[in-house]
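Protein chains in written order, with our numbering: chain A, 93 to 207; chain B, 196 to 309.
In structure tokens form, the structure reads like this:
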């Protein structure tokens, strides 16, 4: 069964700093991996999706990398802003036969960016 | 705008009572899911459905029931058999985009036992 670990559990940084969030998973037979953002009391917003054949994906100040063989992914946030404060979740998706796939989530990293 | 609507946002349940959480999507997605989130825990899958009139148990289905009578709707009933129902419930949907799966979440329902 897939297990996902996110380190650190919480992180507090001053505004403007670059930072890295880490995600590790035990089963490397994944189809893709997604990074999500969750604001307090809200649903999840998809940030980046990396296919298993890709090494990285970028969107604005966010860059996610994937090393499937070692079971690791990182989310890099450049020039952090107070609006980046949220919980970040990673979720690898298994190879699925047909029609749907069930994500396995880590517990998340709670990020606080201090003005 | 296309999306997933969950209602109500907050729900209170008395001991021994069944309650139903609503999830509606207008994305024309085939698959729908229910996840439960507890403080300090990752999301855990309750039930999922790939097509109308078909659904499968997830990791923590005991004490829950679902139906999928329409493609757009996937309601979750929390029964009295669920001993610890206080949690944040998230509904999601996916569809094949031609190159990958797109995953969309609703804004959640917070259920509290009183």
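Even for Gly, the Cβ is constructed at its ideal location relative to N, Cα and C.
Note that the coordinates shown come from a computational prediction; the quantities given were computed from them, not determined experimentally.
Within the segment 215–243 of chain B, the residues whose Cβ lies closer than 9 Å to any Cβ of chain A are, in chain order, 225, 226, 227, 228, 230, 232, 235, 236, 237, 238, 239, 240 and 243. Annotation: residue 238/B is outside any beta strand (DSSP E) and is labelled neither H nor E by DSSP. With fewer than 16 other Cβ atoms inside 10 Å of its own Cβ, residue 265/B counts as exposed. In this structure, residue 249/B sits away from residue 282/B, with a CB-CB distance that is not shorter than 7 Å. Within the segment 128–152 of chain A, 128, 130, 133, 134, 135, 136, 137, 138, 141 and 143 place their CB atoms closer than 9 Å to a CB of chain B, listed in sequence order.
Residue pairing by DSSP places residue 204/A opposite 104/A in a beta bridge.
A distance below 8 Å between beta-carbons, with the five flanking residues on each side excluded, links residue 274/B to the following residues of its chain, in chain order: 213, 258, 259 and 260. Only residues of its own chain outside the window of five on either side were considered, and among them 140, 142 and 156 have a CB closer than 6 Å to the CB of residue 149/A, listed in chain order. With respect to residue 308/B, residue 231/B sits apart: the two C-beta atoms are not nearer than 7 Å. Around residue 96/A, the beta-carbon contacts reaching into chain B at under 8 Å are 237. Within the segment 291–304 of chain B, contact with chain A at the beta-carbon level (separation under 7 Å) is assigned to 295, 296, 298, 300, 301, 302 and 303. Note that the C-beta distance between residue 199/B and residue 299/B is below 7 Å. At the C-beta level, residue 126/A and residue 183/A come within 7 Å of one another.
A distance of 7 Å or more separates the beta carbons of residue 303/B and residue 198/A. Here residue 226/B has 245 and 289 as same chain residues with Cβ atoms under 6 Å from its own Cβ, once five neighbours each way along the sequence are excluded.
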